[in-house]
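Chemist:
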Amino acid sequence: MNVLLILPIIIPMFTGILTLFFRYSLRTQRLVSLIGTGALLGSSIALVLDVHRNAIQAAQMGNWPAPYGITLVADLFGAVMVLLAGIVGMAVAVYSLVSIDRQREQFGYHPLYHFLLMGVCGAFLTGDLFNLYVWFEVMLMASFVLMALGGERGQMEGAIKYVALNLVSSAMFLSALGLLYGMAGTLNMADLAQKLSVNPPSQSPGLVTTVAMLFMIAFGIKAAVFPLFFWLPASYHTPPVAVSALFAGLLTKVGVYALIRVFTLIFLQDIGYTHSLLLVVAALTMISGVLGAAAQNEFRRVLSFLIISHIGYMIMGLGLFTPLALAGAVFYTAHHIIAKTNLFLVSGVVERLGGTPELKKLGGLYRAQPALGLLFLIPAMSLVGLPPLSGFVAKLSLVRAGLETGQYILVAIALGVSILTLFSMLKLWTEAFWKPAPESDTKKPGINIRAWLFPIAFLAATTVLIGLGAGPMFRFALQAGDQLMNPSIYIQAVMRGVP
Amino acid sequence: MEIILAFVIGALFAAGIYMLLRRSLLKLLIGLSLMSHATNLLIFTVARLTRGAPPVIGMTESVLEPPFADPMPQALILTAIVISFGVTAFALSLAFRAYRSLGTDDLDQMQSTDA
């Protein structure tokens with residue numbers, strides 16, 4: 001049994017429990033929290049290297065053989081997602097130390113943070129659908145509390161919408177899961193893939209597609225795709241910045257991960273229908289997100305809408321369903337998680353320096369903090385897709401995949417949405433950084449933001465690194481895409497030793 | 500039996516969704532828990548109802564003979580019940596806290612964070 005598969009789950013778990021023990025010593029909690037995220041990052045790097053070197057890894061929990069017990073699996077895509085959770089977890093944990101107020105820390109911020117990471121890593125690693133549901137709930141429960149912790153008015157409103165819609169999504173997920181079990185008699189993803197492809201339930205082939213649609217809606221709510229995204233812009237700007245950065249980076253992407261996983265592994269019976277629908281959803285998601293962003297006038301609200309828009313690109317990669325497109329989706333997800341988290345972290349510094357999230361009342365930050373301006377531009381331009389930053393390669397591969405499959409309208413939409421993204425980013429840049437500071441501004445005594453910049457610089461460096469090392473990175477993404485396109489490798493890795 | 504349960508599940512889902520669409524916060528939560536009950540019954544029914552056939556291997560046999568009640572969906576439902584219990588408890592306290600700090604339980608009044 002490969003211990004690397006379990007570490008990303010039990011490290012955050014033990015870190016969370018340990019921080020619970022040190023309830024009255026914030027200093028110890030912080031130290032434990034930092035060590036925990038460091039260890040998570042280390043183990044996730046080891047996992048990626050291991051999966052890269054030795055093919056897909058699988059571990060049977062409690063030594064129950066594959067279709068009966070719970071399996072943990074790491075293919076390249078899953079391992080990379082765990083690595084991203086490690087990177088983001090580390091950066092945001094450092095950022096939390098300076099940005100989260102004492103009161104929230106005293107009321108359990110650190111334990112919740114690690115339980116959230118545990119849920120996210122568990123969702124990326126599990127090979128069993130019901131177990132995926134359980135990890136979703138672990139993650140959601142921690143995120144509910146983090147969202148509401150502090151009890152400000154806006155947080156309460158945001159949390160109610162967030163909780164209600166996510167619970168509806170969970171109910172859908174569970175119903176779909178039950179129906180699938182009734183059809184196939186198993187919930188192990190590899191086994192399901194095998195059973196549904198070798199021997200499709202003959203009595204009613206439409207039933208599988210119906211269940212697939214239920215999954216699409218359930219995961220679509222979590223991933224915030226087109227008609228189902230309304231909880232996101234209503235809630236993501238309400239909690240403290242560190243929390244919304246973590247949510248923006250990881251939570252919707254768990255939904256995207258789940259969509260990619262089930263629609264490359266299990267639901268391949270009616271690609272003509274399901275994946276074309278995904279393409280339509282992708283196009284509408286891109287457009288509605290970017291138009292919503294253009295209409296907003298607060299830093300974090302603009303960013304929240306841009307998350308939705310970029311989810312569209314990932315779904316586009318899934319809908320095109322070629323190795324290149326899936327590689328593009330993997331690359332795009334990786335690049336997006338890092339750039340988006342970073343932008344949220346920058347927004348926290350901006351709100352702190354300017355004293356308000358409203359763009360109208362901000363200004364002059366480039367003059368005051370040139371380093372911050374530069375650190376904003378790196379992830380912002382990367383999201384737009386300027387070479388040589390990471391977003392360029394991601395968009396290029398998606399566009400190429402789109403052209404190869406003849407989806408010209410979709411490609412045109414993707415490129416147009418890029419330009420509108422540029423518009424929103426420039427709006428943020430001119431309003432917050434470039435225009436002169438508003439005159440009524442009472443000069444605050446210089447706030448020292450050096451400590452805030454460390455995690456931002458770390459993530460910006462990662463973005464540049466992905467962009468500069470695009471060649472090897474993309475070869476890696478192509479391998480991941482190949483694995484996603486050939487589910488038989490995944491199935492074999494899980495069902496090894498099972499007749 | 501399946502037919503009756505199908506109607507019960509459908510009615511539960513319908514009632515749950517109706518409650519979700521109402522404006523009161525408490526009714527929203529009632530709707531959510533009705534939906535989770537409907538989901539649990541759905542899992543139970545879809546996995547086929549078998550009467551009087553416990554999944555126990557008899558003293559003289561070595562394998563389980565086919566007509567037996569599948570214990571797996573019951574395990575799933577048990578887990579789901581526990582999870583929905585915890586989530587409902589949290590949602591209730593959240594709703595109460597929201598009512599206290601917002602001064603209303605009317606969802607239409609909670610629009611300050613909307614885009």
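Chains as they are written, first to last, in this note's numbering: chain Z, 1 to 499; chain E, 500 to 614. Yeah, the Cβ is synthetic: ideal placement off N, Cα and C, and Gly gets one too.
(1) Which value, in whole angstroms, describes the spacing of the CA atoms of Ala477/Z and Gly328/Z?
(2) Who are the neighbours of Tyr181/Z on chain A, taking C-beta pairs under 8 Å?
(3) For Val241/Z, tell me which candidate among Leu97/Z, Gly122/Z, Thr15/Z and Phe263/Z has the shortest Cα-Cα distance.
(4) Distance, Cα to Cα, Ala457/Z vs Leu41/Z?
(5) What residue does the beta strand (DSSP E) around Gln57/Z start on, and which one ends it?
(6) Less than 8 Å between CB atoms is the rule here; does Met156/Z satisfy it with respect to chain E?
(7) For Ile160/Z, decide whether its Cβ has a neighbour in chain E, counting only Cβ atoms nearer than 8 Å.
(8) Quick check on the burial criterion: 16 or more other C-beta atoms within 10 angstroms. Buried or exposed for Pro111/Z?
(9) List, in chain order, every chain Z residue whose beta-carbon is nearer than 7 Å to that of Ser535/E.
(10) Beta strand (DSSP E) containing Val73/Z: first to last residue?
(11) Could you check if Ala510/Z is buried or exposed, using at least 16 other CB atoms within 10 Å of its CB as the buried criterion?
(12) Taking Asp482/Z and Pro323/Z to be in contact with their CB atoms under 8 Å, please state how far apart those CB atoms are, rounded to whole angstroms.
(13) Can you give me the C-alpha to C-alpha distance between Val134/Z and Phe144/Z, rounded to a whole angstrom?
(14) Can you check whether the CB of Val464/Z is closer than 8 Å to the CB of Thr421/Z?
(15) Name the chain Z residues that come within less than 9 Å of Gly585/E, Cβ to Cβ?
(16) For a test of the three-state rule: what should DSSP assign to Asp482/Z, helix, strand or coil?
(17) So, is Arg60/Z buried or exposed, given that buried needs 16 or more other C-beta atoms within 10 angstroms?
(18) Would the beta-carbon of Ile287/Z fall within 8 Å of that of Val73/Z?
(19) Go through its chain and collect everything with a Cβ distance to Ile491/Z's Cβ below 7 Å, but skip five positions before and after it.
(20) For Ala142/Z, which option in Gly402/Z, Gly119/Z, Met156/Z and Ser235/Z has the closest C-alpha, if you only look at C-alpha atoms?
(21) Given that Phe130/Z touches chain E, what residues does it touch there, using C-beta distances under 7 Å?
(22) Please report how far the alpha carbon of Val94/Z lies from the alpha carbon of Ala588/E, in whole angstroms.
(23) Using a C-beta to C-beta distance shorter than 7 Å, which residues of chain Z count as neighbours of Met518/E?
(24) I'd like the span of the alpha helix (DSSP H) that includes Asn54/Z, first residue to last.
(25) Using a cut-off of 8 Å between C-beta atoms, extract the partners of Ser611/E located in chain Z.
(26) How about Gly354/Z and Leu365/Z: are their beta carbons less than 8 Å apart?
(27) Does the beta-carbon of Ile419/Z have 16 or more other beta-carbons within 10 angstroms, so that it is buried, or is it exposed?
(28) The alpha helix (DSSP H) spanning Gln369/Z covers which residue range?
(29) Let me see if you follow: with CB-CB separation under 8 Å, is Val163/Z close to chain E or not?
(30) Out of Leu359/Z, Lys395/Z and Leu291/Z, point me to the one whose CA is closest to Ala334/Z's CA.
(31) CA-CA distance, Pro499/Z and Ala55/Z?
(32) For Thr587/E, which of helix, strand or coil comes out of DSSP?
(33) Please state if the CB of Leu398/Z and the CB of Gly317/Z are separated by a distance shorter than 8 Å.
(34) Can you look up Pro499/Z in the DSSP assignment and give me helix, strand or coil?
(35) To the nearest angstrom, how far is the alpha carbon of Ala224/Z from that of Ser235/Z?
Modeler: On the basis of the data shown:
(1) Walking along the first sequence from the start, residue 477/Z turns up at place 477. Walking along the first sequence from the start, residue 328/Z turns up at place 328. Rounded to the nearest angstrom, the two C-alpha atoms are 7 Å apart.
(2) You won't find chain A in this structure, because its protein chains are Z and E.
(3) Residue 241/Z sits at position 241 when you count from the first residue of the first sequence. Taking only the C-alpha atoms, the option nearest Val241/Z is Leu97/Z.
(4) Numbered from 1 along the first sequence, position 457 holds the residue referred to as residue 457/Z. Numbered from 1 along the first sequence, position 41 holds the residue referred to as residue 41/Z. CA-to-CA, the gap between Ala457/Z and Leu41/Z works out to about 17 Å.
(5) In the first sequence, counting from the first residue as 1, residue 57/Z sits at position 57. Unbroken beta strand (DSSP E) run through Gln57/Z: Gln57 to Gln60.
(6) Walking along the first sequence from the start, residue 156/Z turns up at place 156. Output row for Met156/Z: interface = yes.
(7) Locating residue 160/Z in the first sequence gives position 160, counting from the first residue. Closer than 8 Å: yes.
(8) The sequence position of residue 111/Z within the first sequence is 111, counting from 1. Pro111/Z sits buried, since 16 or more C-beta atoms from the chains shown fall within 10 Å of its C-beta.
(9) Within the second sequence, numbered from 1, the residue matching residue 535/E stands at position 36. The contacting residues are Ala171.
(10) For the purposes of this step, residue 73/Z is identified with residue 73 of the first sequence, where counting begins at 1. According to the DSSP assignment, Val73/Z belongs to the beta strand (DSSP E) that extends over Thr71 to Ala74.
(11) The first residue shown for chain Z is 1 and the last is 499, placing residue 510/Z beyond what the model contains.
(12) The residue given as residue 482/Z occupies position 482 in the first sequence. The residue given as residue 323/Z occupies position 323 in the first sequence. Contact holds; Cβ gap of about 5 Å.
(13) Counting from one through the first sequence, the residue named residue 134/Z turns up at place 134. Counting from one through the first sequence, the residue named residue 144/Z turns up at place 144. One C-alpha to the other measures close to 15 Å.
(14) Working through the first sequence from its first residue, we reach residue 421/Z at position 421. Working through the first sequence from its first residue, we reach residue 464/Z at position 464. Here Thr421/Z is not near Val464/Z, since their CB atoms are 8 Å or more apart.
(15) Taking the first residue of the second sequence as position 1, residue 585/E is located at position 86. By Cβ distance, chain Z contributes Glu137 and Met141.
(16) In the first sequence, residue 482/Z corresponds to position 482, counting from 1. Helix.
(17) Counted from its first residue, the first sequence places residue 60/Z at position 60. Sequence inspection shows Gln at residue 60/Z; the Arg mentioned does not correspond to that position. Classification for Gln60/Z: buried.
(18) Stepping through the first sequence from its first residue, residue 287/Z is reached at position 287. Stepping through the first sequence from its first residue, residue 73/Z is reached at position 73. No.
(19) What you label residue 491/Z is simply residue 491 of the first sequence in a count that begins at 1. Ala190, Ala193 and Gln194, listed in sequence order.
(20) Counting from one through the first sequence, the residue named residue 142/Z turns up at place 142. Of Gly402/Z, Gly119/Z, Met156/Z and Ser235/Z, the residue nearest in Cα terms is Gly119/Z.
(21) Your numbering for residue 130/Z matches position 130 in the first sequence. In chain order: Leu575.
(22) Here the question's residue 94/Z lines up with position 94 in the first sequence. Here the question's residue 588/E lines up with position 89 in the second sequence. Rounded to whole angstroms, the gap between the alpha carbons of Val94/Z and Ala588/E is 32 Å.
(23) Counting from one through the second sequence, the residue named residue 518/E turns up at place 19. None at all; the shortest Cβ gap to chain Z is about 11 Å.
(24) As a first step, residue 54/Z is located in the first sequence; it is residue number 54 there, counting from the start. Leu26 to Asn54 is the span of the alpha helix (DSSP H), which, as asked, contains Asn54/Z.
(25) Counting from one through the second sequence, the residue named residue 611/E turns up at place 112. Simply Arg153, Gly154 and Glu157.
(26) Counting from one through the first sequence, the residue named residue 354/Z turns up at place 354. Counting from one through the first sequence, the residue named residue 365/Z turns up at place 365. It is a contact, given that the beta carbons lie within the stated cut-off.
(27) Taking the first sequence and counting its residues from 1, the one referred to as residue 419/Z is at position 419. Exposed, by the Cβ-count rule.
(28) Your numbering for residue 369/Z matches position 369 in the first sequence. Taken as a continuous stretch (DSSP letters only), Gln369/Z belongs to no alpha helix (DSSP H), as it is neither H nor E.
(29) Start at 1 with the first residue of the first sequence, and residue 163/Z comes out as number 163. So yes, Val163/Z belongs to the interface.
(30) Counted from its first residue, the first sequence places residue 334/Z at position 334. Measuring from the Cα of Ala334/Z, the nearest candidate turns out to be Lys395/Z.
(31) As a first step, residue 499/Z must be located in the first sequence, where it is residue number 499. As a first step, residue 55/Z must be located in the first sequence, where it is residue number 55. Note on Pro499/Z: pLDDT 46, under 50, position unreliable in the model; the coordinate value appears next. Near 21 Å, if we compare the C-alpha coordinates of Ala55/Z and Pro499/Z.
(32) Numbered from its first residue, the second sequence carries residue 587/E at position 88. Residue state, collapsed to three classes: helix.
(33) Locating residue 317/Z in the first sequence gives position 317, counting from the first residue. Locating residue 398/Z in the first sequence gives position 398, counting from the first residue. Yes, they are a contact pair.
(34) Taking the first residue of the first sequence as 1, we reach residue 499/Z at position 499. At Pro499/Z the pLDDT is 46, less than 50, meaning the model places this residue with poor confidence; the figure from the coordinates comes in the next sentence. Look at Pro499/Z here: in three-state DSSP terms it is coil, with no helix or strand label.
(35) As a working mapping, residue 224/Z is identified with position 224 in the first sequence. As a working mapping, residue 235/Z is identified with position 235 in the first sequence. The alpha-carbon of Ala224/Z is positioned some 12 Å away from that of Ser235/Z.
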